[in-house]
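Each remark here refers to the structure printed beneath this line.
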Amino acid sequence: MDGAGGLSKKTLSNVVILTGRELEITRGYLVIEDGMIKEISEGSPQSRAVDLKGGFIMPPFVNAHTHVVDSVAKELYLGRSQPQVVGPSGVKFKALESTSPAVAKQATKATLKEMLATGTIAHCDFREGGVAGVDFLRRISCSPLKSVILGRFSRTEEIPALLSRADGIGLPSLAIFSEDEMEEAAAAAHRAGKLLAAHVAENAEEMAAYRNKHHRSEVEQAIKLNCSFVVHATHCTEEEFLKLKANGIPVVFCPRSNSLLGVGVPRIDLALKTGVEFFFGTDNVMTCQPDMFDEVSFAWRCLRRVDTSAGSEEARRLLLAATINPLEFFKLPWGPVEEGRAATFLVLARKNNLLHLSDVYAGLVNRARVDNIREIYCGGKIIIS
Ligand SMILES: [Zn+2]
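Taking full-length UniProt numbering, the leading residue of the sequence shown gets 1, the next gets one more, and so forth.
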């Protein structure tokens, strides 16, 4: 940092910057002063600068759906169906119950560090285990990673205590409680000004069973409960995406988890077509490493699989879904990469896999990896280099 007049100043030059709310491409330089982005300009700076050799600056990732404590149960999905893995009596819960708190803490901490190292500085976790489960994760800090924690209850009497500790309620499924209990939970979350979210439309058989029993779809029930967002929507129809959009309810897609658990491929093409807001999550750590580079590149494959017309604009929208859109939704304490904001961003090196890109958005979505991370800035400080 240069110490001009007591101000801490640094210039990063020769870089492609994904700028502002829309990730517009600026080829030039960025000036950091006192932890803030002082200037973003095209061309070359007048002052001394760090030459990033054509690298990239982009916002950090927000992982909108995780279950980090099942880090203790990696690969236990082998030989099992999705309900046998994560259903109410699935192997995941047996593993969580039989693991000592010390081991669970160590495994979870390693996962949180991994998230930071792969460019994610906030995640939203669906925590199991009621109030104690929320408290357990809250105590495992990995600064500056921010954990938005949604808890679950087993009895409605737990809801007030849960909402006093958690950032909201994350329902494992809409089928496990009665309609009255669901309404009670939803009303309490809304009264407290906290989030209410649920897994929906992940498993086609369970979806059909839900519709037969309740005479409405899981999506319709999520809308009725006024959910803040829904997770998976793997089997949502175009009409359902339109309904979610009309009700201002975003979707969190977890395409790698869906594939590894054999439940299907989310229709990201329909989400783009309908304009419903969406984010990405990596879901259970027992299934997927929480690496958002991997998630967006897999999502890109899912999209191109059904729509080969998807190009630069669609890739830009996938990047927005992994960065800016959830940042605003979860009201996280940093902004887009633009002048006057905190200097919080990823610096990617343009080496090997990122050389000779003819399209920045599609190239980054398809090819960027964790080993491209040169530095992670958070409020002007380098936290990973
Ligand atoms: Zn989940």
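For every residue, glycine included, the Cβ atom is placed at its ideal position computed from N, Cα and C.
Which one of the options has the shortest CA to CA distance from residue i?
i      : options                           : result
Asp294 : Met58, Ser41, Ser154 and Arg367   : Arg367
Ile25  : Ser47, Phe177 and Gly55           : Gly55
Arg374 : Met58, Leu163 and Gly79           : Met58
Ile223 : Thr234, Asn212 and Ala186         : Ala186
Asn284 : Lys9, Glu218 and His199           : His199
Leu260 : Thr66, Gln82, Val252 and Glu206   : Gln82
Glu314 : Thr11, Arg127 and Asp359          : Asp359
Asp180 : Ser141, Ala107, Leu225 and Thr118 : Leu225
Cys142 : Lys113, Met207, Val296 and Arg350 : Lys113
Gly348 : Ser8, Ile17 and Lys9              : The amino acid occupying residue 348 in the given sequence is Leu; Gly does not appear at that position. Checking every option, the nearest Cα to that of Leu348 belongs to Ile17.
Leu137 : Tyr29, Leu162, Lys105 and Arg155  : Lys105
Ser100 : Val72, Gly87 and Pro172           : Val72
Cys227 : Glu218, Thr237 and Leu196         : Leu196
Glu157 : Gly168, Ala188 and Lys146         : Ala188
Ser8   : Glu22, Ile169 and Glu33           : Glu33
Val69  : Ile140, Glu22, Tyr77 and Arg350   : Ile140
Ala204 : Phe126, Gly264 and Tyr77          : Gly264
Ile37  : Ala342, Met115 and Tyr377         : Ala342
Ser297 : Asn325, Glu338 and Phe253         : Phe253
Phe153 : Ser13, Pro172 and Ala208          : Pro172
On the CB-based measure, 16 or more other CB atoms within 10 Å of its CB, does residue i come out buried or exposed?
i      : result
His356 : exposed
Thr344 : buried
Asn352 : exposed
Lys381 : exposed
His215 : exposed
Ser98  : exposed
Lys94  : exposed
Thr308 : exposed
Gly193 : exposed
Gly3   : For Gly3, the pLDDT reaches just 44, beneath the cut-off of 50, and the residue's location in the model is therefore unreliable, although a value from the coordinates is still provided. Flag for Gly3 reads exposed.
Ala110 : exposed
Arg316 : buried
Ser385 : exposed
Gln221 : buried
Ala102 : exposed
Gly6   : Residue confidence for Gly6 is low, a pLDDT of 44 falling below 50, so the modelled location carries little weight; the figure read from the coordinates is stated next. Counting Cβ neighbours within 10 Å, Gly6 comes out exposed, since fewer than 16 surround it.
Val306 : exposed
Leu78  : exposed
Glu239 : exposed
Ala209 : exposed
Over what stretch of residues does the alpha helix (DSSP H) that includes residue i continue unbroken?
i      : result
Met58  : Unbroken run through Met58 is the beta strand (DSSP E), Val50 to Met58; no alpha helix (DSSP H).
Ser164 : Ile159 to Arg165
Cys302 : Met292 to Val306
Ala189 : Glu179 to Arg191
His214 : Ala204 to His214
Phe329 : Ile324 to Phe329
Arg256 : Pro255 to Leu260
Gly168 : That residue, Gly168, is in no alpha helix (DSSP H); its beta strand (DSSP E) goes Gly168 to Leu171.
Arg138 : Gly130 to Arg138
Glu240 : Glu238 to Ala246
Tell me whether the beta-carbon of residue i lies closer than 7 Å to the beta-carbon of residue j.
i      : j      : result
Met286 : Thr120 : no
Ala175 : Gly151 : no
Gly379 : Gly20  : no
Phe229 : Pro250 : yes
Val148 : Phe330 : yes
Leu327 : Val365 : no
Lys245 : Thr274 : yes
Phe61  : Thr323 : yes
Val31  : Glu39  : yes
Glu202 : Thr234 : yes
Leu320 : Ala122 : no
Asn63  : Pro290 : yes
Lys74  : Val85  : no
Leu162 : Val131 : yes
Taking residue i as part of the beta strand (DSSP E), name the residues at either end of that continuous run.
i      : result
Phe280 : Phe278 to Phe280
Thr11  : Lys9 to Thr19
Asn63  : Phe61 to His67
Val359 : Residue identity check: residue 359 is Asp in the sequence provided, not Val. Per DSSP, Asp359 belongs to no beta strand (DSSP E) and is neither H nor E.
Leu153 : With the sequence shown as reference, residue 153 is identified as Phe, and Leu is not the correct amino acid for it. Counting along the chain, Phe153 falls outside any beta strand (DSSP E), and DSSP gives it neither H nor E.
Asp125 : Thr120 to Phe126
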